[in-house]
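**Q** Below you'll find the structure I mean.
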Amino acid sequence: MKKNVFYLLLLFLVFTACSREDLQNNPGNIEVAKKDPLTAKQINEKINEAIKTKGRFSWSESSDHFVWSAIFQGNKIASIGFGSSFDRSLTPDNRAIEEEILKVIERYEGKTEKTLLSSDQYLNQIDVVIEKQETVIALRKMKNIRYLEPADYRYFENEQKFGAKSSSSSSGCGFESTTLSTSDYTTVTPNAKAPWSFTKHNIINAWSYSTGAGITIGVIDSGVSPEQT
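Positions in the sequence shown are counted from 1; adding 1 to them yields this note's numbering.
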């Protein structure tokens, strides 16, 4: 009797686990509350508000409707990261996961053509075309997806387009142009302006020395925070 109870309990646990996995990989019918996408201006306003109140912005913390709106306003192109690792070589079933994602997209988009734009050779990442909000909701429910983000949303272009002034202008990150004092820069080839700090830190000479020597000088931007320090 005890053995029978044990086996029944074991079967129940296996069935429950399988059911949960099926629910995660097969989202089923999707109900959409908000059917119209936000405008690019509304999207930028919400991004700016998040940065102002939280000090940061993350697509992963945004609603399905917001992410879909940004994808819609960004030429309907989305970037998807999948698998437990970003490295394809560390994910043996990366092709199977990718195919599973594409099938979900095809199911909710109602088409099989022109869905996959690119598939990275080394990273677990693909760029796809998504038009429907239902697709975004279904994909974000899948357990194998690490992130789903707009791939071609132009935040800075929209800021300029709508005449928004960035509060980061005092830190040199604004969009508005100002007249520079001639004492603050020198003109270098090819008719570019080099700030006084370049000379102070010997950057121009370093650039001349490194060019052609297999050395690359890179600049890392600090992000889109309105309070650059």
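No residue lacks a Cβ here, since even glycine has one placed at the ideal position from N, Cα and C.
1. Which one of Ser64, Ile81 and Asn125 has the shortest CA to CA distance from Phe88?
2. Can you list, in chain order, the stretches of the beta strand (DSSP E) that have 3 or more residues and sit fully within the stretch 65 to 152?
3. Does the beta-carbon distance from Ile72 to Ile131 come in below 8 Å?
4. Quick one: what does DSSP say Thr200 is sitting in, helix, strand or coil?
5. Can you list, in chain order, the residues of its chain with a C-beta nearer than 6 Å to that of Glu150? Leave out the 5 residues immediately preceding and following it.
6. Quick one: using the 10 Å Cβ neighbour count with 16 as the cut-off for buried, is Tyr123 buried or exposed?
7. Closer than 7 Å by C-beta to Asn95: which residues in its own chain qualify, once you throw out the five before and the five after it? Chain order, please.
8. Grouping DSSP H, G and I as helix and E and B as strand, with all else coil, what is Tyr186?
9. If you measure between the beta carbons of Phe163 and Lys53, is that distance less than 8 Å?
10. Report buried or exposed for Gly75, applying the criterion of at least 16 other Cβ atoms within 10 angstroms of its Cβ.
11. In this structure, how does DSSP classify Lys42 when only helix, strand and coil are distinguished?
12. Between Asp128 and Ile78, is the Cβ-Cβ spacing less than 8 Å?
13. In the DSSP assignment, find the unbroken alpha helix (DSSP H) run with Tyr154 in it and report its ends.
14. Relative to the C-alpha of Glu101, which candidate in Asn49, Met143 and Pro38 has its C-alpha closest?
15. From the DSSP output, in three-state form, read off Lys194 for me.
16. Do Lys47 and Phe67 have their CB atoms nearer than 8 Å?
17. Taking its Cβ as the centre, do 16 or more other Cβ atoms sit within 10 Å of Gly173, making it buried, or is it exposed?
18. Quick one: Cα of Lys104 to Cα of Glu158, how far?
19. Comparing the C-beta of Ser80 with each C-beta of chain C, is any distance below 8 Å?
**A** Reading from the atomic positions:
1. Looking at the sequence shown, residue 88 is not Phe but Asp. Out of Ser64, Ile81 and Asn125, Asn125 has the C-alpha closest to the C-alpha of Asp88.
2. 78 to 83, 117 to 120, 126 to 130 and 146 to 151
3. yes
4. helix
5. Trp60 and Ser80
6. exposed
7. Gly84, Arg89 and Asn125
8. strand
9. no
10. buried
11. helix
12. yes
13. No alpha helix (DSSP H) holds Tyr154; DSSP gives it neither H nor E.
14. Met143
15. strand
16. yes
17. With a pLDDT of 46 at Gly173, under the threshold of 50, the predicted position of this residue should be treated as unreliable, though the coordinate-derived value follows. Looking at its Cβ environment, which holds fewer than 16 other Cβ atoms inside 10 Å, Gly173 is exposed.
18. 33 Å
19. The chain labelled as chain C is not found in the depicted structure, where only one protein chain is given.
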